[in-house]
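Residue numbers (this note's numbering): 679 to 953. Ideal Cβ positions, reconstructed from N, Cα and C, are used throughout, including at glycine. Data first, discussion second: the structure below is written as structure tokens.
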Ligand SMILES: [Zn+2]
């Protein structure tokens, strides 16, 4: 499932392609992914030019020259490709084509149709659309720090893993990166968020930043051809320390990684060194 580093990898790749390109034509092949796609046909897109591309959590915003933006989310299986127009036939699960100036076509593929591509209207100084107004702090921003996490976690009975996966607290940390962050910070995923000390909160925010940054660097290296934007296969999978390691020995203390169910999801952690 694409998480923040994958979204950032796709953003970086699209930043090389989209800004300055005009939309010439829109083709929609399915009525909807998570949201309807057919409104794109009457959204007045032909003639508009992309001016930039931003990320908020796991969402991307491709700004248009009329003040609107294309909002993208990659669901469980979203893939974006930009290819020479007409070079390849449409693949089975490609639901949307935007034909662009310069002979390129932006293609959105999604096998499970949980992705989003819609036109929105960003507002305010931060230029954030109403659809993303609920999102909490960006984990890579300075605002995400021990002090902030400590303040927000007081009196919270939620397990810390759910707490840091809550988009309203911090946006874009999913199952993989929450598991890795808590392992690196030596905090048990089951701990009540309210019991964390400020020092432990600072370990969590610090490790989250380091891990996300490393993953972004690894994801970036998976893009060999800038015309082929695919965020689903970063190289960070080879660097995971705890995620998916259940039953194997912890490299830090030798204890066997075990699994707990937290909020309906199974979670891998080391009972020896995560307290
Ligand atoms: Zn351990």
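Tell whether a beta-carbon distance below 8 Å holds between residue 795 and residue 862. no
Using only alpha-carbon positions, find the residue among 798, 820 and 848 that is nearest to residue 830. 848
Between the alpha carbons of residue 870 and residue 888, how many angstroms are there, rounded? 23 Å
From residue 802 to residue 808, what does the alpha carbon distance come to, in whole angstroms? 10 Å
Can you pull the DSSP bridge partners for residue 774? 706 and 786
First through last residue of the beta strand (DSSP E) which encompasses residue 733: 728-734
If contacts are defined as beta-carbon pairs under 8 Å, then residue 1007 and residue 874 qualify, I think. What distance do you get, rounded to the angstrom? No information on residue 1007 is available, as it lies outside the stretch 679 to 953 that the chain covers here.
Using a Cβ-Cβ cut-off of 6 Å (strictly less than) and excluding sequence neighbours within five positions of residue 705, which residues of its own chain qualify? 775
Spatially closest choice to residue 790 from 885, 784 and 751, by CA coordinates: 751
At a cut-off of 7 Å, would you count residue 950 as near ligand 1, judging by its Cβ distance to the nearest heavy atom? yes
Would residue 683 be called buried (16 or more neighbouring beta carbons within 10 Å of its own) or exposed? buried
Contained alpha helix (DSSP H) runs [length at least 4] in the region 787-836, N- to C-terminal order: 824-831
When you compare the CB positions of residue 952 and residue 860, do they come within less than 8 Å of one another, or not? yes
Below 7 Å CB to CB, which residues in the same chain sit around residue 763 once its five sequence neighbours on both sides are set aside? 777, 781, 782 and 783
Given a cut-off of 8 Å on the beta-carbon distance, is the pair residue 726 and residue 701 in contact? yes
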